Amino acid sequence: MPNNEAYLQMYRRMLAIRLFEERVNDLYTRALMPGLAHLYIGEEAVAVGVCEALRKDDYITSTHRGHGHCLAKGASPDLMFAELLGKKAGYCKGKGGSMHIADPETGNLGANAIVGGSAALATGAAYSSKYLNQGRVVVCFFGEGALGQGVLYESMNLAQLWKLPVVYVCENNLYNEYTHFTETTAGEIVARPAAFGIQSATVDGQNVRAVYDVGSKLVDRARKGEGPAFVLANTYRFRGHHVGDISRDYYRTKQEEQRWMEERDPIKILGAYLTGDHIVEQAELDRVQDGLAAEMDRAMQWAIDAPYPAVEEVGEDVYA
Amino acid sequence: MPNNEAYLQMYRRMLAIRLFEERVNDLYTRALMPGLAHLYIGEEAVAVGVCEALRKDDYITSTHRGHGHCLAKGASPDLMFAELLGKKAGYCKGKGGSMHIADPETGNLGANAIVGGSAALATGAAYSSKYLNQGRVVVCFFGEGALGQGVLYESMNLAQLWKLPVVYVCENNLYNEYTHFTETTAGEIVARPAAFGIQSATVDGQNVRAVYDVGSKLVDRARKGEGPAFVLANTYRFRGHHVGDISRDYYRTKQEEQRWMEERDPIKILGAYLTGDHIVEQAELDRVQDGLAAEMDRAMQWAIDAPYPAVEEVGEDVYA
Amino acid sequence: MHETTDTTDAPAVTVSRELTFGEAVKEAIAEEMRRDERVVLLGEDVAEAGTAFKVLTGLVQEFGPKRVVDTPISEAGFTGIGVGAAMTGMRPIVDIMFGDFLALVMDQLANQAAKIHYMSGGKWRVPLVVRATLGASRRSAAQHSQSLHAWPSHIPGLKVVVPSTPYDAKGLMKSAIRDDNPVVFFEDKMQYKVKGDVPSEEYTIPLGVAEVKREGRDITIVATSSMVQVAVGAARMLEAIGIDAEVVDPRTTWPLDEKTIVDSVKKTSRAIVVDEGYGRYGVASEIASVIAEGAFYNLDAPVTRVAAMHVPIPFSPPLEDATIPTEKAVFDTAKRLCGK
Amino acid sequence: MHETTDTTDAPAVTVSRELTFGEAVKEAIAEEMRRDERVVLLGEDVAEAGTAFKVLTGLVQEFGPKRVVDTPISEAGFTGIGVGAAMTGMRPIVDIMFGDFLALVMDQLANQAAKIHYMSGGKWRVPLVVRATLGASRRSAAQHSQSLHAWPSHIPGLKVVVPSTPYDAKGLMKSAIRDDNPVVFFEDKMQYKVKGDVPSEEYTIPLGVAEVKREGRDITIVATSSMVQVAVGAARMLEAIGIDAEVVDPRTTWPLDEKTIVDSVKKTSRAIVVDEGYGRYGVASEIASVIAEGAFYNLDAPVTRVAAMHVPIPFSPPLEDATIPTEKAVFDTAKRLCGK
Ligand SMILES: Cc1ncc(C[n+]2csc(CCOP(=O)(O)OP(=O)(O)O)c2C)c(N)n1
Ligand SMILES: Cc1ncc(C[n+]2csc(CCOP(=O)(O)OP(=O)(O)O)c2C)c(N)n1
Ligand SMILES: [Mg+2]
Ligand SMILES: [Mg+2]
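Residue numbers (this note's numbering), protein chains in the order written: chain S, 49 to 368; chain W, 49 to 368; chain E, 136 to 475; chain U, 136 to 475.
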C-alpha cells in the first residue's frame with residue numbers, strides 16, 4: 049500500500065502531464081510546433097499509476113500518444129519540449145520528435161509511431177532482462193487499436209512461452225483514431241491475453257490508485273519470474289486524436305466528452321480523494337499546480353529559445 | 049446424419065489421398081520429382097471429413113501440406129501428379145508445383161507455402177461470398193504452426209466483426225517442422241478463436257465421422273450467416289515433415305509414430321467401423337483399394353510421360 | 136502539356152474544371168464505384184472520417200458502409216482480405232494510409248497478390264488496388280514519411296502508379312481499378328491540396344505510358360510523383376540561364392515506359408532522374424540504369440540521380456528539409472551537367 | 136585471389152582447411168558465441184534441427200537451449216524480440232530461414248531496427264544480425280526462391296551482406312555480429328555445400344570492402360553472392376576467346392565499396408553486373424548506375440545487367456532454370472560488349 053506521500057507524488061505527476069500537454073496544444077495553436085501531436089490529457093492515471101510501480105532501471109515502450117509515458121517514467125519537460133520543437137537540445141537531438149522520444153536514462157526504449165510496433169521490442173527487452181538476470185521489468189504501453197496488429201499476439205505467445213518479465217498495458221480510450229473500438233474489436237479484450245495463458249486484469253484507468261495497485265501486483269509478479277501480464281485500463285482521451293482533430297461530432301458526441309471530463313477526470317478524482325480524506329488541503333494542491341505551471345512555462349520557453357540542430361547533423365546517427 | 053454410402057465415399061477419398069501420397073514418396077525416392085513434398089499421410093480424415101461437408105462451389109485454402117485438401121475437394125490425381133512433376137498439363141501448368149496447387153473448378157483458392165499465408169485470403173473470399181450473397185462457405189486449412197502468425201489473429205478478428213462465412217481448420221499434427229507444438233504454443237489453442245468470440249470445437253482428427261459431424265455443423269452455421277468458426281483437429285503426420293525428412297529420432301520417437309500408425313490410422317478406423325457394423329465387407333474395401341491403386345498408377349504414369357512446358361512459357365501469366 | 140492518352144471516345148466539348156489532387160482521386164473512385172458494384176473500399180477510417188487525410192469524405196454517404204468499410208488497424212489482415220476478395224469476384228481498393236505501413240503488408244503484396252496469377256498458371260486473378268502515400272516534409276518523422284515505391288516496383292506481378300497531377304491521378308486510378316492485376320497506387324501526401332485541370336468527361340490513362348510534361352532540347356529530367364513539380368520548377372529556373380529542359384513523367388514505375396524515357400535522352404543527350412525515394416537501390420537507380428544503357432551512345436554527361444538523402448527522415452524541420460530533392464538541387468545538377 | 140583484408144594481427148603460419156560455406160557460417164557464429172555471452176541465436180528449428188538447411192547442427196549441444204532458441208513460426212515477433220534484446224544488452228542473431236519471409240519482417244527491420252539509432256538521436260543501438268537466404272533453383276517455387284536483398288539495401292540504417300565464398304562468409308559474419316548496427320546477412324541456399332579454404336586462425340573481414348576475385352583487363356564483371364561463381368566461370372570461358380575479365384565482388388551491398396568497383400571499370404572500360412535478384416529496381420540497377428555515373432568517361436560500352444528474369448520463380452525445372460543468370464548469359468553479354 050502506498051502512503052500519502054506516494055499519492056501526492058502521483059498527483060504531481062498527473063498534473064505535470066496535464067500541464068505539459070496543455071502547453072503542447074498551445075504551441076500548436078500558436079503555430080510554433082512542427083507537425084502534430086497526440087495529447088494524453090484524460091489518460092494520465094494509466095501512465096502514472098503503472099510507472100510509479102516501476103524501478104528507475106525498468107523499461108517502458110510507448111506510442112504516438114507518448115508524452116505521458118515519458119513524463120511518468122521521469123523524463124524532463126524541458127528536454128521533451130525541445131524534442132517536440134525539433135531542437136538540438138531535445139531528447140533525440142530533434143531527430144525523433146513527439147512520436148519518438150527515447151531516453152536510456154529513464155529506461156524509455158522509445159515511443160513508436162507504428163501502432164503495435166513496440167510489442168515485440170518490449171518483449172525483447174524482457175528477454176534481455178531475463179537472460180542477463182537483471183530483474184528488470186518492461187512495460188509495453190499501447191492503445192486498444194494495437195489489438196488489431198498481429199505482432200502483438202506473436203509477442204504475447206512468446207512472452208508466455210518464455211515467461212518473460214513484460215507487462216502489456218492496453219489503454220482503451222474507446223477510439224482507434226476516429227472509429228469506436230467496438231467496430232474494430234471482436235470478443236472480450238482480456239480474453240485475448242488469457243488465451244495465451246497470460247494473467248490479465250481490468251482496471252479503471254481514471255483511478256490512479258487502482259491502476260497503481262494492479263500495476264504493482266503484476267509488475268512484482270513479473271519481476272519474481274512468474275511471467276508476463278496484461279492490464280486493460282479503461283480510459284478516455286479528452287481531446288482530439290491529435291491537436292488538429294477539432295470537429296469531432298461525426299465520431300463522438302460533445303456530451304460524451306463532457307461527461308468524461310466532468311465525472312471521470314483522473315486528476316479531479318485523486319484530488320477529491322486527497323482533500324476528502326483531509327490528506328492534503330486544496331490550497332496545497334493549488335500550490336502544487338502553480339509550481340508545476342511555472343516549471344512548465346520555463347521549460348517551454350527554454351525550448352522555444354533553444355537552437356535547431358545544424359543542418360550538417362542530418363547525416364549523423366544513421367549508423368552507430 | 050450421413051448414410052453409409054457417404055461413409056464409403058469418405059473411405060474412398062481418404063484412401064485415394066493415402067495412395068496418391070505413397071506414390072509421391074515413390075517419385076521422390078526414384079528421383080523423379082523436382083524438389084520436395086510434404087505428405088498428408090495420417091491426416092486424411094481432416095480434409096475428407098471437412099470437405100464432404102462442403103458444396104462444390106465452396107472455397108478452400110490449403111498449405112504446403114496440401115495434396116489431401118486438393119483431392120478431398122475433388123481435384124483429379126492426374127493433373128495433380130503432373131503439377132508435382134512440373135509438367136505443362138498440371139493444374140498450374142507446372143508453375144506452381146506441390147505447394148501451390150490451385151483450381152477454380154473445385155473451389156481451391158490455392159495451397160500456400162507461407163505458413164499462415166492463406167488466413168486473410170480465405171477470410172477475403174468469405175467477404176466476397178457475403179457481399180455477393182453467394183452463400184458460399186470458405187474453409188481455411190492450416191497446421192498448428194500457423195498459430196504463430198499474427199495475420200491469423202487479424203483475420204479472425206475481422207471475420208468475427210463482419211460475421212463472415214469462414215471456417216478455420218487447424219490441423220494439429222503435433223509438430224511445427226521439427227519442433228513439438230507445446231514448445232511454440234502457449235495456453236489453450238481453442239481459447240484463441242474464442243477470445244475473438246469465434247465458435248470453436250475440438251475434434252478427433254483421426255475419426256472422419258466425427259470430423260464430418262463437427263464440420264457440417266459449423267459449415268452450415270456459417271452458411272446461414274451465423275459467423276465464422278474454428279475447428280481444432282487433433283491429428284498426426286505419419287511421415288516426415290517432407291519426403292527428405294528421414295531420420296526423425298532427434299525430435300520424435302519411433303514408438304510414438306508406431307503407436308499412431310497402429311492405433312490411430314484414420315483409414316483403419318473407418319474401415320473397422322464399416323466392416324464391424326457389416327456395412328461393407330472387407331472384400332469390398334479391398335476392391336476399392338485395388339481400383340484406386342490402379343487409377344493412381346495410371347495417373348502417375350500419365351504425368352511422368354507428359355511433357356514439360358516450353359521454356360518460352362516462363363514469361364506468360366505474370367500479368368493477367 | 137497535358138496531351139493525354141485518353142482511351143475513351145473524345146467528347147465534342149471538354150469542360151475542364153479545377154480539382155485538387157485529392158478530389159481527383161476521390162472522383163475516380165466514386166465513378167468506378169458507380170460503374171461497378173464489385174468495387175469496394177477497405178481501410179482504417181475510410182468511412183465517416185474519409186481517411187486520415189480527409190481525401191475520401193462523402194463516399195460512405197453515397198455508397199454506404201457496406202462498400203466503404205472501416206477496418207481495425209490490421210494492415211496485413213485487411214490487405215489479405217482484399218487479395219482473397221479480389222480472387223473471388225470483387226475489385227477491392229485497400230487503403231493503407233501511410234506508405235511506411237507497406238512494411239506490414241509486403242507478404243500479402245509480394246508473396247501473395249503478386250504471385251497468385253502466375254503460381255496458379257493464370258487461373259486466379261487479383262484485381263486489387265492498394266492505395267498508399269509517399270512523401271516527406273510533413274514533420275511526421277521517420278516512420279511516417281518514407282517513399283517506399285521501390286519495394287513493390289521490384290516485384291514481378293505488381294504494377295505501381297506514381298501520379299503527379301490531379302489529371303493523371305484520376306485517369307490512372309480508374310485504370311488501376313479496372314486492371315486485372317494488383318496495382319499499388321502511391322499518392323503524395325503533400326499534393327492532396329494541389330489543384331489542376333480535370334475534364335468533367337470520363338477518361339482513363341493507360342498504365343505504362345509516360346508523358347512528356349515539358350518539352351526541351353538540352354537535358355531530360357525524369358521525375359516521379361510530386362518530383363515532377365520540382366522538375367518543372369527547376370526547368371523554369373534553367374530557362375532563365377538558357378538551358379531548355381525536357382521533363383518526362385513515367386507515371387507508372389511498372390510497367391515502365393522505357394522507350395519514351397530513352398528517346399527523350401537520345402534527343403537531349405543528358406539526363407537527371409529525380410525521385411523522392413532513397414536513391415540507393417531505389418527507383419532513381421533503375422531509371423538511371425535504363426537510360427545509361429539505352430541512350431549510351433547519345434549521352435554527353437553521366438546520368439545523375441537526385442533523390443532522398445540516405446538517412447531516416449528526421450523530424451526537425453531544418454533537417455527534414457535537407458533530405459528531400461529541391462528545385463535548387465535539380466537546377467544545380469542540370470547546370471553542372473550542361474557545363475554552364 | 137584471396138588477398139583478404141584481415142583486420143586481426145596476421146599469424147606467423149596460417150593453416151588453411153577446406154570448409155563448406157555452411158560450416159564457415161557456423162564456425163563464425165560458434166566463435167563469436169564463445170567470445171561473447173551476449174550473442175544468442177533465435178529462429179525456427181535452429182536448435183536440435185540445426186535449421187531447415189542443417190547449417191547450425193551442433194550449436195545447441197555446445198551452447199545450450201538458452202542461447203540457441205527454437206521459436207514459434209512468428210518471424211515478425213521474434214525479429215522484433217531480437218531488436219528489443221539488441222537494444223538492451225544482447226547481440227542476437229535472428230534466423231528467418233527463407234529470404235522470402237523477409238516480407239513478414241520488413242516493419243521490424245525497416246521501420247524499427249533501421250531507424251531506432253537515428254530516431255533516438257544516437258542513444259539506442261541495435262546490434263542485431265538477421266540471417267536470411269537467397270537464391271533459386273531448388274525447385275521450391277515462387278514463395279521460397281526469391282533473392283530480396285534489394286529491399287533492405289534500400290533502407291538507411293541497415294547493412295547488408297552477400298558473401299560469395301566460405302572464407303568471406305566466415306569473416307563477414309564475424310564482423311556482422313560485432314557490428315553495432317542491424318545487419319542482414321544473406322546466404323545462398325545453393326552454396327551451403329560449396330567448399331573453400333578457410334584458415335584456422337581467427338580473422339574478420341570489414342563490411343564495405345569489395346574484393347577483386349579475379350584480375351582482368353578487358354571487362355569488369357561485378358557479381359554478388361553465388362553469382363560470383365557464375366562470373367568466375369564466365370571469365371574462364373571468356374579467357375578461351377581472348378577476353379580477360381575482372382571479377383569484382385562487393386561482398387556487402389551496403390556499405391557499398393563504390394571506389395573499388397568504379398576503379399575496376401575505369402581500368403577495363405566495360406562492365407556487367409550480375410545479381411540473382413530481380414533486375415528491375417534491384418541490386419544490379421544500383422551498381423549499374425554507380426558505374427555508369429562514376430566511370431562515365433571511361434566506358435566503351437553500356438553497363439549491362441544480368442539478373443533474374445522478371446517473373447515469379449516458377450516450379451517447373453526447365454522454366455526455373457531459364458530465370459536465373461548463367462555463365463553462358465554472362466559470357467554472351469561480355470562477348471557482345473567487347474565486340475567479339
Ligand atoms: C500500423 C499503423 N497503422 C496505422 C497507423 C495510423 N494511426 C496512428 S494512431 C492510430 C489510432 C491508434 O489507436 P489506438 O491504438 O487506440 O491509440 P490511441 O490513439 O487511441 O491512443 C492510427 C490508426 C499507425 N500509426 N500505425
Ligand atoms: C512464414 C513461414 N515461416 C516458415 C516457413 C517454413 N516452414 C514450412 S512448413 C513449416 C512448419 C509448419 O508447421 P505446421 O503449420 O504445423 O504445418 P505442418 O507442416 O505440421 O502440416 C515451416 C516452419 C514457412 N513456409 N512460412
Ligand atoms: Mg484508442
Ligand atoms: Mg504441424
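Glycine included, C-beta positions come from ideal geometry on N, C-alpha and C. These numbers come from a predicted model, not from an experiment.
Against glutamine 247 (chain E), chain S offers no close residue; the least beta-carbon distance is about 15 angstroms (beta-carbon pairs closer than 7 angstroms). Looking at the DSSP output, arginine 440 (chain U) shares a beta bridge with U:Val408. The beta carbon of leucine 283 (chain E) does not come within 9 angstroms of any beta carbon belonging to chain S, so the residue lies off that interface.
Taking a cut-off of 8 angstroms for Cβ pairs, the region 273–291 of chain W and the region 82–98 of chain W touch, as three or more such pairs fall below it. For leucine 84 (chain W) against glycine 292 (chain W), the beta-carbon gap comes to about 6 angstroms, under 8 angstroms, which counts as contact. Alanine 123 (chain W) and histidine 112 (chain W) have their C-alpha atoms roughly 16 angstroms apart. Rounded to the nearest angstrom, the Cβ distance from alanine 442 (chain E) to proline 460 (chain E) is 6 angstroms, consistent with a contact under 8 angstroms.
Under the 9 angstroms criterion on CB atoms, asparagine 51 (chain S) is classed as non-interfacial with respect to chain W. By the rule of a C-beta closer than 7 angstroms to any heavy atom of ligand 4, the residues picked out are W:Gly191, W:Glu192, W:Gly193, W:Glu219, W:Asn220, W:Asn221, W:Leu222, W:Tyr223, W:Asn224 and W:Phe229. The alpha-carbon of aspartate 261 (chain S) is positioned some 14 angstroms away from that of alanine 270 (chain S).
Sequence-distant Cβ neighbours of valine 367 (chain E) in its own chain, meaning closer than 7 angstroms and more than five residues away, are Lys348, Arg349 and Val382. Look at glycine 217 (chain E): its beta carbon is at least 8 angstroms from all of the heavy atoms in ligand 1.
The secondary-structure analysis by DSSP pairs threonine 355 (chain U) across a beta bridge with U:Glu381 and U:Ala406. Considering only U:Lys402, U:Asp242, U:Ser282 and U:Gly412, the residue with the shortest C-alpha distance to valine 218 (chain U) is U:Asp242. In this structure, the C-beta of phenylalanine 278 (chain S) stays at least 8 angstroms away from each heavy atom of ligand 1. The DSSP-derived three-state label of histidine 148 (chain W) is helix. For asparagine 181 (chain W), none of the residues of chain E pass the 7 angstroms Cβ criterion, the least Cβ distance being about 11 angstroms. Along the length of the region 83–132 of chain S, whole beta strand (DSSP E) runs at least 3 residues long occupy 107–111, reported in chain order.
Among the bridge pairs identified by DSSP, threonine 387 (chain U) is matched with U:Val296. Arginine 240 (chain S) has its CB no nearer than 8 angstroms to any heavy atom of ligand 3.
In the assembly as shown, arginine 307 (chain S) is an exposed residue. Its beta-carbon has fewer than 16 other beta-carbons within 10 Å. As computed with DSSP, threonine 250 (chain W) is found in a beta bridge with W:Leu280.
For threonine 111 (chain S), the shortest C-beta to heavy atom distance toward ligand 1 is below 8 angstroms.
Neighbours of arginine 273 (chain E) across chain U, judged by C-beta separation under 8 angstroms, do not exist; the nearest C-beta is about 16 angstroms away. Under DSSP, no beta-bridge partner is assigned to lysine 401 (chain U). For alanine 267 (chain E), no alpha helix (DSSP H) segment is defined; the enclosing uninterrupted segment is the beta strand (DSSP E) at 264–269. Residue state for asparagine 255 (chain W) is assigned as coil, using DSSP reduced to three classes. In the DSSP assignment, the residues bridged to asparagine 156 (chain W) are W:Ile108 and W:Asp151. With the criterion set as a beta carbon lying under 7 angstroms from some beta carbon of chain E, the members of the region 131–144 of chain S are Gly134, Gly142, Lys143 and Gly144, in sequence order. For glutamate 225 (chain W), the closest C-alpha among the options U:Met232, U:Met168 and U:Val446 is that of U:Met232. The alpha carbon of alanine 165 (chain U) has as its nearest neighbour, out of U:Glu337, U:Ala271 and U:Gly474, the alpha carbon of U:Glu337. Look at methionine 147 (chain S): its C-beta is under 9 angstroms from a C-beta on chain E. In the DSSP assignment, the residues bridged to isoleucine 228 (chain E) are E:Leu176 and E:Val264. Using a CB distance cut-off of 9 angstroms, valine 446 (chain E) counts as an interface residue toward chain S. By the criterion of at least three beta-carbon pairs nearer than 8 angstroms, the region 128–148 of chain W is in contact with the region 268–278 of chain U.
With respect to serine 110 (chain S), asparagine 73 (chain S) sits apart: the two C-beta atoms are not nearer than 9 angstroms.
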